[in-house]
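FYI, the numbering for the sequence shown is 79 to 246, going by our numbering.
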Amino acid sequence: AHLVGIILALMATHVLFHLRFPDAVALSTAIIAAYDLQLFGLGEPDWWDVASDNFFLVSAAVLGTFASYDIERFARRSFAHQRHGEEERRRSEELLDNVLPAAIAARLKNGESVIADRYTEATALFADIVGPTPLATRLEPEVILDALNRHFTEFDRIARDHKAQKTT
79 AHLVGIILAL MATHVLFHLR FPDAVALSTA IIAAYDLQLF GLGEPDWWDV
129 ASDNFFLVSA AVLGTFASYD IERFARRSFA HQRHGEEERR RSEELLDNVL
179 PAAIAARLKN GESVIADRYT EATALFADIV GPTPLATRLE PEVILDALNR
229 HFTEFDRIAR DHKAQKTT
């Protein structure tokens with residue numbers, strides 16, 4: 079009867095305390111060794127009983143260790159999925175912030191799904207670069223990017239100065 083109690087305690091310890099795999103192996107080994115030492119300390123045990131008891135203890139230890147391993151693996155996967163989800167949420171919010179005006183992005187993040195604002199007056203400015211292909215063949219890429227950056231920076235400044243809502 080005492081063997082059943084030790085087996086139950088061994089299994090419960092592995093599962094309830096969420097032991098890491100190396101700790102589960104060490105605990106199992108220590109419990110089995112302590113049980114065997116106790117048997118030999120009581121006198122000459124029957125070798126058949128020792129072998130049979132050890133078979134059940136080792137079986138319980140193996141099952142408990144694998145349960146600990148599965149619990150640890152599940153926890154690691156869960157943590158990785160959670161981190162991946164947080165990273166995807168962060169990237170999604172970053173994309174919203176880069177593509178949409180801040181006020182619209184904030185409304186979407188707050189759960190608003192249909193955004194249709196009404197403006198009594200509006201002006202639209204469309205800008206285009208004339209002849210970009212011949213220009214691109216004559217200039218270095220760095221020069222083109224610098225020119226585009228200067229133009230867009232100036233458009234942004236003008237929009238900001240006039241408190242205009244800029245969309246791309």
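We put the beta carbon where it would ideally sit given N, CA and C, even for glycine.
These numbers were taken from a predicted model, which means no experiment stands behind them.
Task: Nearest-angstrom Cβ-Cβ length linking Ala153 and Ser106, presumed shorter than 8 angstroms - done: Along the sequence shown, one-based indexing puts residue 153 at 75. Along the sequence shown, one-based indexing puts residue 106 at 28. In fact, because the Cβ distance is near 20 angstroms, the residues do not count as touching under 8 angstroms.
Open item on the list: What does the alpha-carbon distance come out to for the pair Ala183 and Leu97?
Closed with: Working through the sequence shown from its first residue, we reach residue 183 at position 105. Working through the sequence shown from its first residue, we reach residue 97 at position 19. One C-alpha to the other measures close to 44 angstroms.
Task: Spatial distance of Leu223 from Gln243 (CA atoms) - done: Against the sequence shown, residue 223 aligns to sequence position 145. Against the sequence shown, residue 243 aligns to sequence position 165. If I take the Cα positions, the gap works out to 24 angstroms.
- [ ] Would you identify the three-state DSSP class for Val192, choosing helix, strand or coil?
- [x] Position 114 of the sequence shown holds residue 192. Reduced to three states, the DSSP call for Val192 is coil.
- [ ] Starting from the C-beta of Ala102, find all residues in its chain whose C-beta is less than 6 angstroms away, skip the five residues before and the five after it, and write them out in chain order.
- [x] Here the question's residue 102 lines up with position 24 in the sequence shown. These residues qualify, in order along the chain: His92, Thr143 and Ser146.
Task: Supposed contact pair Glu171 and Lys187 - C-beta distance, whole angstroms, cut 8 angstroms - done: Against the sequence shown, residue 187 aligns to sequence position 109. Against the sequence shown, residue 171 aligns to sequence position 93. At roughly 6 angstroms, the Cβ-Cβ gap stays under 8 angstroms, so Lys187 and Glu171 are in contact.
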